[in-house]
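Residue numbers (our numbering): 1 to 84. Yeah, the Cβ is synthetic: ideal placement off N, Cα and C, and Gly gets one too. Heads up: the structure comes next, in structure tokens.
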């Protein structure tokens, strides 16, 4: 994955070999109000309707990663958080 600001225009033709043979996925944002978007998102996260606990299935120390995997395999919904 490459993140950055190119110094010259990049065309689809420049990357044809990588896209066809290496299945590279390109994602980009252009012409958006980047900082305003992040500020809006930060407001949503701090609001009463965004409850991150609803998407977390469990929290485990890194040494207990097998217990986290067991939770995933047993069908517990949500993301498992591993702490160092």
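Buried versus exposed call for residue i [16 or more other C-beta atoms within 10 Å across all chains shown]
| i | result |
| --- | --- |
| residue 1 | Reliability of the predicted coordinates at residue 1 is poor, the pLDDT of 45 falling under 50, and no value is obtained from them. |
| residue 68 | buried |
Residue i, DSSP secondary structure in three states
| i | result |
| --- | --- |
| residue 41 | helix |
| residue 112 | Lying outside 1 to 84, the shown extent of the chain, residue 112 is not represented and no answer is given. |
| residue 46 | helix |
| residue 1 | For residue 1, the predicted model reports a pLDDT of 45, less than 50, meaning its position is unreliable; a value from the coordinates is still stated below. Three-state DSSP puts residue 1 in coil, outside helix and strand. |
N-terminal and C-terminal residue of the beta strand (DSSP E) that residue i is part of
| i | result |
| --- | --- |
| residue 65 | Residue 65 -> not in any beta strand (DSSP E); alpha helix (DSSP H) instead, spanning 65 to 73. |
| residue 58 | 56 to 61 |
Within 8 Å, strictly: CB atoms of residue i and residue j
| i | j | result |
| --- | --- | --- |
| residue 83 | residue 62 | yes |
**Study point:** Segment contact flag, the region 34 to 52 with the region 74 to 81, C-beta cutoff 8 Å, min 3 pairs
**Key:** Pairwise C-beta distances place the region 34 to 52 out of contact with the region 74 to 81, as fewer than three of them are shorter than 8 Å.
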